[in-house]
Amino acid sequence: MPGEQLEALLENSAMREALSTVFERSEEGNEEVQWADVSDALSSGQWGRLIETGVLVSGGTGFTLANPERVRQTLEEHGHRSSGAGVEEIESGSWAWYDKAAGVAALVLFAGYWNTGIRDIIASFDNILLAPITELLPFYAVIIVLAIVTGLYSTVLQARLMDHEKMQAYQERMKDLNERKEAAKDRGDDEALEQIQEEQMEAAGDQLGMFKLQFRPMVWIMLLTIPVFLWLRWKVRGGHLGVGETGLIVPLAGAVSWQEPLLGPMRTWIVWYFLCSMASRQIIQKTLNIQTSPSTSS
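Position one of the sequence shown corresponds to residue 3 (my numbering), numbered consecutively onward.
1) Would you please state the rounded distance, in angstroms, between the beta carbons of G56 and E34? I believe it to be under 8 angstroms.
2) Taking buried to mean at least 16 other C-beta atoms within 10 Å of its own C-beta, is Q284 buried or exposed?
3) Report the rounded CA-to-CA distance for S15 versus L67, giving the unit in angstroms.
4) Among residues of its own chain, excluding the 5 on either side of E237, which ones have a beta-carbon nearer than 7 angstroms to its beta-carbon?
5) Should D128 and W222 be called a contact, given that it needs their Cβ atoms to be closer than 8 angstroms?
6) Relative to the alpha-carbon of S22, which residue among S60, E71 and G114 has its alpha-carbon at the smallest distance?
7) When DSSP labels each residue in this structure, what does T66 get in the three-state scheme?
8) For I292, which of helix, strand or coil comes out of DSSP?
9) With C-beta atoms as the reference, is F112 less than 8 angstroms away from V73?
10) Would you give the residue range spanned by the beta strand (DSSP E) that V59 belongs to?
11) Assign M17 to buried or exposed, taking buried as 16 or more other Cβ atoms, counted over all protein chains shown, within 10 Å of its Cβ.
12) Under 8 angstroms, do L225 and D165 count as touching if we go by C-beta distance?
13) Output the residue ranges of the alpha helix (DSSP H) runs that lie fully inside the segment 94 to 172 and measure 4 residues or longer, sorted by chain position.
14) Please return the same chain residues whose Cβ sits closer than 8 angstroms to the Cβ of K187, not counting the five positions on each side in sequence.
15) Can you grab the Cα-Cα spacing for the pair K177 / P253, in whole Å?
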């Protein structure tokens, strides 16, 4: 139907509410709808007028919206909120100055993987703090303790710093666009496809917004985790292990040294640390009931 005719129809608030009901109960134009589906919210006169004006057209066993995307757009212009509305209202999270400072510091620490001077300075400072633990526990147990500690603050930081509501809003928006695109393809609606593709282009900034939301807690996690990892590397590769601290016994592999490749090119100490870290994070999340990812709706 012509856009002017649809606009004129929606000038009437009662018809606007009637069309909103049909739009929602037809799964935003993706499903057919029958009189029995909306009779509790529409009068027979309103139903007949929607058919008479061409808003609803005959389908297989019921009626379907002639142009769902135009109906969606017109309803949104009149203040109707559908699942695909409100795209502009999701603001990208901005980093505070201390987040940016933490990011710069994390980059400097990250350079320690290649720069021996930076690595030695950081590891030497860490060694002062960790010396009491290394004197009491064997090296494999020290790695377990460090994995538990890093797993704890990583889980807490990710849960506290991640904006789960915005992440879920981003994900739901992209899911809605994809579902509408597939529905438009199924019914061969080229006009709707073109409009949805334009919306997807406008929503391209969502990827950047999601990246910023996800990377903010990672910056703080790296700021605390990298020094621990550099100390472990300094301890193993720098020859600072105690007497008898040669490695550990691994199922199937047997006795392996800390510097020996265990999983592909990954050395034993790295594999052991990651296994302990992943296990501790899972236990911590379940024990403290901490959510680190946005909930997904079915």
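Cβ atoms here follow ideal geometry from the backbone N, Cα and C, with glycine treated the same way. These numbers come from a predicted model, not from an experiment.
For this structure:
1) For the purposes of this step, residue 56 is taken as the residue at position 54 of the sequence shown. For the purposes of this step, residue 34 is taken as the residue at position 32 of the sequence shown. Between the beta-carbon of G56 and that of E34 there is about 16 angstroms, and that puts the pair past the 8 angstroms contact cut.
2) Position 282 of the sequence shown, counting from 1, holds the residue named residue 284. So Q284 counts as exposed.
3) In the sequence shown, the residue the question calls residue 15 occupies position 13. In the sequence shown, the residue the question calls residue 67 occupies position 65. The C-alpha of L67 is placed about 19 angstroms away from the C-alpha of S15.
4) The residue labelled residue 237 in the question sits at position 235 within the sequence shown. According to the sequence as given, residue 237 is Lys; it is not Glu. Only L243 meet the Cβ criterion.
5) Counting from one through the sequence shown, the residue named residue 128 turns up at place 126. Counting from one through the sequence shown, the residue named residue 222 turns up at place 220. Contact: no.
6) As a first step, residue 22 is located in the sequence shown; it is residue number 20 there, counting from the start. The shortest C-alpha separation from S22 is found at E71.
7) Walking along the sequence shown from the start, residue 66 turns up at place 64. Strand at T66.
8) In the sequence shown, residue 292 corresponds to position 290, counting from 1. Here DSSP, grouped into helix, strand and coil, assigns I292 to coil.
9) Within the sequence shown, residue 112 is the residue found at index 110, counting from 1. Within the sequence shown, residue 73 is the residue found at index 71, counting from 1. No, Cβ-Cβ distance for F112 and V73 is not below 8 angstroms.
10) Working through the sequence shown from its first residue, we reach residue 59 at position 57. Its beta strand (DSSP E) spans residues L58 to S60.
11) Taking the first residue of the sequence shown as 1, we reach residue 17 at position 15. The residue in question, M17, is buried, as its Cβ has 16 or more Cβ neighbours within 10 Å.
12) For this step, residue 225 is matched to residue 223 along the sequence shown. For this step, residue 165 is matched to residue 163 along the sequence shown. With contacts defined as CB atoms closer than 8 angstroms, L225 and D165 fail to qualify as a contacting pair.
13) The segment 94 to 172 contains these whole alpha helix (DSSP H) runs: 99 to 112, 118 to 138 and 141 to 163.
14) Sequence index remark: in the sequence shown, residue 187 carries index 185 (1-based). Cβ-Cβ distances below 8 angstroms link K187 to L195 in the same chain, with the five nearest sequence neighbours on each side left out; the list follows chain order.
15) If you number the sequence shown from 1, residue 177 lands on position 175. If you number the sequence shown from 1, residue 253 lands on position 251. Straight through space, the alpha carbons of P253 and K177 are spaced by roughly 44 angstroms.
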